[in-house]
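Numbering (our numbering), first residue to last: 2 to 86.
Note that beta-carbon positions come from the ideal geometry of N, C-alpha and C, so glycine has one too.
Shown next, in structure tokens, is the structure this report addresses.
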């Protein structure tokens with residue numbers, strides 16, 4: 002019996018929802034500069050699957066890694082943490 006590995010999860014902000022059943026989530030992280038030691042903000046954008054088209058731009062969401070769903074999409078929406086006002 003095989004045990005399934007834990008899937009990666011990330012939290013970010015929806016920056017685009019113009020597509021059908023897809024969203025773009027921007028995840029920010031802080032990285033220490035190798036030479037100067039200052040923390041620098043870096044951001045990455047992930048395409049995620051939103052089955053019910055419920056996300057709006059500005060929502061804070063949690064996404065999880067999944068099998069490839071299309072050329073650029075290998076994340077899915079787990080939950081909406083905070084809706085935009």
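| query | result |
| --- | --- |
| Cβ separation of residue 95 and residue 26, assumed to be a contact under 8 Å, to the nearest whole Å | Look at the range of the chain in this structure, 2 to 86, and you will see that residue 95 is not part of it. |
| Residue 72 versus residue 49 - alpha carbon distance | 12 Å |
| Cβ shell of residue 58 (< 8 Å), same chain only, five flanking positions each side left out | 15, 16, 17, 18, 85 |
| Nearest-angstrom Cα separation, counted from residue 36 out to residue 64 | 32 Å |
| Outcome for residue 24 when other beta-carbon atoms lying within 10 angstroms are tallied against a minimum of 16 | buried |
| 8 Å Cβ cutoff met for residue 44 and residue 32 | no |
| Exposed unless 16 or more other CB atoms sit within 10 angstroms - verdict on residue 95 | Since the displayed the chain opens at 2 and closes at 86, residue 95 lies outside it and no answer follows. |
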